[in-house]
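Some notes on the structure that comes next.
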Amino acid sequence: TISCLTHGQSIGLALTAGASLLSLAAVAVVFVLIGRNILRYKRALPNGGWKLLQVPVDINMLSIFLYDILQALGGILDVRWAHDGIVTAGPYCTAQGIIQQSGELGVALFTLIITVHTFVVALWKVGIRARHFAFGMVALASLFVALWVGIGNGIHKNFETPTPYWCWIGPEYNGERLGGEYVWIWAALFASVIMYIPLYFWTKGCLSVDPEKWYKFHLSESDVGYPQRRAALGMLFYPLGYSLVVLPLSVVRWSHFNHKKVPSMATFFGVSMFNLSGAVNVLLFLIVRPRLLLF
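Encoded structure:
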């Protein structure tokens with residue numbers, strides 16, 4: 054399978070690769086800072102007394118950063134197509150599809166996990182330090198990513214093909230596209246919007262949960278302190294930021310599903326925004342960072 058690109062489309066691909074490179078560089082900076090923090094703690098507390106992954110949020114954030122790296126690497130591989138002006142099937146194409154699919158699915162899953170976990174911890178005070186449960190969720194999510202991507206590529210012929218500007222799941226496998234990415238991206242987007250509203254009122258001290266009936270909410274003053282409310286609101290900025298970068302891509306891909314002609318520049322804009330999700334996560338982490346990952 055071969056897909057020829059115009060000069061303008063090659064420029065668009067260069068922009069998507071540039072956005073991915075920015076995300077990769079941003080995540081790399083975070084890991085350098087984490088390494089610096091580990092060295093500082095080792096020098097200050099040589100006998101221990103500290104952990105990199107102290108609470109579930111630490112575990113979830115580290116996981117999303119790792120999948121941000123995969124997503125960014127998949128986007129950076131667009132450089133070859135931009136340079137050659139042609140997208141061809143083959144080992145390079147398959148590698149890009151696998152890397153990109155794994156990263157995008159992983160980021161969507163952990164964005165959803167962070168959204169739900171923040172909501173549950175804030176309103177019901179459940180799972181605040183459930184590290185073992187968090188590790189279990191990481192294992193399940195990562196296993197799902199590995200199985201979905203691995204089985205799809207194992208049982209289907211030409212699973213990763215030019216689509217047409219880069220390599221991803223072929224158009225004849227719409228079910229796999231839905232189950233392996235779209236459903237989770239849209240679930241994370243939907244959950245972010247739905248859960249942000251009550252959590253916003255909770256952070257303002259206007260909403261409380263019935264202590265006897267967990268499913269009942271009251272529009273009354275909350276007894277939770279301001280620092281806890283501020284930390285919860287800060288953590289919710291991650292899925293909110295994800296929603297902003299994924300919305301343009303969702304519009305483009307929904308149009309494709311409805312067999313509408315989408316200008317290539319609109320596709321490149323949506324994908325470039327989506328490829329910035331790693332940089333957005335890092336920016337929010339450095340601004341908000343409620344004492345996560347030894348910061």
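If you read the sequence shown in my numbering, its first letter stands for residue 54, the second for the next number, and so on.
Heads up, the beta-carbon is just placed ideally off N, CA and C, and yes, glycines get one too.
Measuring CB atoms only, is the segment 325-333 touching the segment 107-124, in the sense that at least three cross pairs come out at less than 8 Å?
yes
Take G233 as the anchor and find which of T216, A199, V246 has the nearest alpha-carbon.
A199
So, are the CB atoms of Y235 and S56 less than 9 Å apart?
no
Note down the Cα distance separating Y249 from P292, rounded to an integer number of angstroms.
Cα to Cα, Y249 sits roughly 9 Å from P292.
Closer than 9 Å to chain C by CB, G203
In the structure shown, chain C cannot be found, because there is only a single protein chain.
Leaving out five residues on either side along the sequence, give the residues of the same chain with a beta carbon under 6 Å from the beta carbon of N90.
L347
Please state whether DSSP places W221 in a helix, a strand or coil.
strand
Does the Cβ-Cβ distance between I167 and N206 come in under 9 Å?
When the beta-carbon positions are compared, I167 and N206 stay at least 9 Å from each other.
In terms of residue numbering, what span does the alpha helix (DSSP H) encompassing T164 cover?
144-177
Would you report the Cα separation of L242 and P99, rounded to the nearest angstrom?
43 Å
Assign G102 to buried or exposed, taking buried as 16 or more other Cβ atoms, counted over all protein chains shown, within 10 Å of its Cβ.
exposed
Quick check: the segment 127-137 against the segment 56-76, are there 3 or more CB pairs under 8 Å?
yes
What is the rounded straight-line gap between the Cα of I152 and the Cα of I238?
17 Å
Per-residue burial, D137 [other beta carbons within 10 Å of its own, 16 or more giving buried]
exposed
Kindly indicate which residue of L231, L272, L336 has the alpha-carbon position closest to the one of S303.
Each of L231, L272, L336 was checked against the Cα of S303, and the nearest Cα belongs to L231.
Please check the pair I117 and T164, which I expect to be a contact at CB under 8 Å, by giving their CB distance rounded to whole angstroms.
7 Å
Beta carbon of T54, beta carbon of T256: below 9 Å?
The Cβ atoms of T54 and T256 lie no closer than 9 Å to each other.
Can you say whether I222 is buried or exposed, counting buried as having 16 or more other CB atoms within 10 angstroms of its CB?
So I222 ends up on the buried side.
Could you check whether F188 and L158 sit closer than 9 Å to each other, using their CB atoms as the reference points?
Contact flag unset, no.
What three-state label does DSSP hand I181 in the structure shown?
coil
Alpha helix (DSSP H) runs wholly inside the segment 60-132, at least 4 long, in chain order:
Along the length of the segment 60-132, whole alpha helix (DSSP H) runs at least 4 residues long occupy 60-97, 109-129, reported in chain order.
Please list, in chain order, all residues of the same chain as L337 whose beta carbon is under 6 Å from its beta carbon, the five residues on each side excluded.
F290, Y291, G294
For the beta strand (DSSP E) containing T256, list its first residue and its last residue.
From DSSP, T256 is part of no beta strand (DSSP E) but of the alpha helix (DSSP H) over 236-256.
Pick from L105, V80, A81, V82: whose alpha carbon is nearest that of L92?
L105
Beta-carbon proximity check, L162 vs A192, cutoff 9 Å:
Cβ atoms of L162 and A192: not closer than 9 Å.
Bridge partners - I139, DSSP secondary structure assignment
C57
DSSP on V315, reduced to helix/strand/coil?
coil
Confirm, please, whether the CB-CB distance from V169 to V335 is below 9 Å.
no
What is the DSSP secondary structure of V298, counted as helix, strand or coil?
helix
Alpha carbon of G258 to alpha carbon of A175, nearest angstrom
12 Å
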